[in-house]
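Student: One structure is given below, represented as structure tokens, and several questions about it will come after.
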Amino acid sequence: MRILLFDVHGGYTDALLAGAHDYAFLPAVDGRGGLSRLGALAPARAREVDSAELRDDPPDVVLLQRPEDAATIADRTGLRAGTDVPAVFLEHNTPKESVPNTRHPLADGPIRVVHVTHLNALLWDCGRTPTTVVEHGLPDPGLRYVGDVDHLAFVVNEPVRRWRVTGTDLLPRFAPLGIDAFGIDGDLLPAALDDQPGVAFAGNLKPPQLRDALVARRAYLHLNRWTSLGLSLIEAMLLGLPVVVLDTTVAARTVPPAAGAISADPDVLVAAARRLLTDPDEARAAGLVAREAALARHGLARFLGDWDRVLAEAVAG
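Each residue of the sequence shown is one higher than the last, beginning at 2 in the numbering used here.
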């Protein structure tokens, strides 16, 4: 199958590209789009395809991920997603306003909307539009946990701009335990937290370097209030880190209590984090539970199989 898609969320794209299909990307415009992020690491079955080639030889299916993607494809290729070529829409996000009454941009249309969590599917109002849930899947990085740095790892992009959404406002409660923050614009954290002692920016690292840094930390801290389930949480679990998780956004579906701690009470999480930081053996045992749970629910084979079925149904009409 030949799939036209956009590189919207890097980790998700990487997982999709592990499938057995051919993946086409429109070339970048004004530095955005294309395959430039992957460079030489792009798999052989993924390539940039110019507009003329797509017009002459349309893909089997289009994977839309933003409301404007259909217009972009029409403007650049003349192809109408869902009319000239089969299409599905991958919705990465939770609804943002008037929950649970937020209408999806594709509501009541013919293009199937694929949600990444069951909660997202429940809360978005898609009207008569057909919907499906494909839960996240990631390649297994292997059990690599070391945990010799007795700090909490916190991985969030734009933690200051997203503030309450990502639970950044809760960090001062955990700061006395020691937090190493990673991600885009994480360098803005110290000033935003009034230089709170115990919170340090540890870098916006490429995935291989980030994995190396994570496995050195004793535990992983996940405080997202209102996002889809984070890929960084799943990857930390796969690496063997114990996790301290705010019980929101269907996290409990992925995180068993024995994987570290999961609660909607930050005080409970602070106590659990302190215990893990002071007991390396307990932390290691919890990390093994976390890894097994992530493998069971978020393995790559299940993820790719789910997507194969969704895309095949779209092509079959």
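By construction, the Cβ of each residue, glycine as well, lies at the ideal position given by its N, Cα and C atoms.
The structure presented is a predicted model; accordingly, all values stated were derived computationally and were not measured.
Hey, out of G204, P140, P68, whose CA is closest to P160's CA?
Tutor: Numbered from 1 along the sequence shown, position 159 holds the residue referred to as residue 160. Ranking G204, P140, P68 by Cα distance to P160 puts G204 first.
Student: For the beta strand (DSSP E) holding H116, just list the boundary residues, first then last.
Tutor: What you label residue 116 is simply residue 115 of the sequence shown in a count that begins at 1. Start and end: 113-116.
Student: Quick check on the DSSP output: the alpha helix (DSSP H) that includes S99 runs from which residue to which?
Tutor: Stepping through the sequence shown from its first residue, residue 99 is reached at position 98. Premise fails: S99 is in no alpha helix (DSSP H) and is neither H nor E.
Student: A154 lies in the beta strand (DSSP E); which residues open and close that run?
Tutor: Looking up residue 154 in the sequence shown gives position 153. Segment 150-156, the beta strand (DSSP E) holding A154.
Student: Please say whether T249 and A265 have beta carbons closer to each other than 8 Å?
Tutor: Translated into the one-based positions of the sequence shown, residue 265 becomes position 264. Translated into the one-based positions of the sequence shown, residue 249 becomes position 248. Taking 8 Å as the Cβ cut-off, A265 and T249 qualify as a contacting pair.
Student: Pull up the CB-CB distance for Y13 and L232, whole angstroms please, since I reckon it's below 8 Å.
Tutor: As a first step, residue 13 must be located in the sequence shown, where it is residue number 12. As a first step, residue 232 must be located in the sequence shown, where it is residue number 231. Going by Cβ atoms, the distance from Y13 to L232 rounds to 7 Å, so yes, they are a contact pair.
Student: Considering only the beta carbon of each residue, do A21 and L5 sit closer than 8 Å?
Tutor: As a position in the sequence shown, residue 21 is number 20, starting the count at 1. As a position in the sequence shown, residue 5 is number 4, starting the count at 1. Result no, Cβ atoms of A21 and L5 do not sit closer than 8 Å.
Student: Could you name the residues of the same chain whose beta carbon sits closer than 7 Å to that of L206, not counting the 5 residues immediately before and after it, in chain order?
Tutor: Here residue 206 refers to the residue found at position 205 when the sequence shown is read from its first residue. Same-chain partners within the cutoff: F183, A214.
Student: Classify Y24 as helix, strand or coil using the three-state DSSP reduction.
Tutor: On the sequence shown, residue 24 is found 23 positions in, with the first residue counted as 1. Here Y24 sits in strand by DSSP.
Student: With a 10 Å radius around its C-beta and 16 neighbouring C-beta atoms as the bar for buried, classify I185 as buried or exposed.
Tutor: Stepping through the sequence shown from its first residue, residue 185 is reached at position 184. Answer is exposed; the Cβ neighbour count stays below 16.
Student: Looking only at C-alpha atoms, which of Q210, A176, R212 sits nearest to D195?
Tutor: As a first step, residue 195 is located in the sequence shown; it is residue number 194 there, counting from the start. Looking at the Cα atoms, A176 is the closest of the given residues.
Student: Can we count E69 as close to the ligand ZN, meaning its CB is less than 7 Å from some heavy atom?
Tutor: The ligand ZN is not part of this structure, which contains no ligands at all.
Student: Could you tell me how far apart the beta carbons of A259 and V290 are, in whole angstroms, since I believe they sit closer than 8 Å?
Tutor: In the sequence shown, counting from the first residue as 1, residue 259 sits at position 258. In the sequence shown, counting from the first residue as 1, residue 290 sits at position 289. So it is a contact: roughly 5 Å between Cβ atoms.
Student: How is the beta strand (DSSP E) around G261 delimited, first residue to last?
Tutor: As a first step, residue 261 is located in the sequence shown; it is residue number 260 there, counting from the start. Here the beta strand (DSSP E) through G261 covers 261-264.
Student: Confirm, please, whether the CB-CB distance from V63 to A47 is below 8 Å.
Tutor: The sequence position of residue 47 within the sequence shown is 46, counting from 1. The sequence position of residue 63 within the sequence shown is 62, counting from 1. No, the pair does not count as a contact, with Cβ atoms beyond the cut-off.
Student: Smallest Cα separation from Q66: which of F7, A317, D15?
Tutor: Looking up residue 66 in the sequence shown gives position 65. Nearest C-alpha to Q66: F7.
Student: Name the one or two DSSP bridge partners that G300 has.
Tutor: Position 299 of the sequence shown, counted from the start, is the residue given in the question as residue 300. In DSSP, G300 forms a bridge with L139.
Student: Using DSSP with H/G/I as helix, E/B as strand and the rest coil, what is I4?
Tutor: Here residue 4 refers to the residue found at position 3 of the sequence shown. It is a strand residue.
Student: So, at 6 Å on beta carbons, what are the nonlocal neighbours of A315 in its own chain, with the 5 sequence-adjacent residues on each side left out?
Tutor: Reading the sequence shown from its first residue, position 314 is the one you call residue 315. Counting only Cβ-Cβ distances below 6 Å, and skipping sequence neighbours, we find V62, P87, V89.
Student: Whose CA, out of R254, R292, A297, L242, lies closest to the CA of A274?
Tutor: As a position in the sequence shown, residue 274 is number 273, starting the count at 1. Ranking R254, R292, A297, L242 by Cα distance to A274 puts L242 first.
Student: Ignoring anything shorter than 3 residues or poking outside the stretch 36-95, list the beta strand (DSSP E) runs there in chain order.
Tutor: Runs of the beta strand (DSSP E) inside the stretch 36-95: 47-49, 62-65, 88-92.
Student: State the Cα-Cα distance for the pair G35 and R56, rounded to the nearest angstrom.
Tutor: Translated into the one-based positions of the sequence shown, residue 35 becomes position 34. Translated into the one-based positions of the sequence shown, residue 56 becomes position 55. Roughly 17 Å separates the two Cα atoms.
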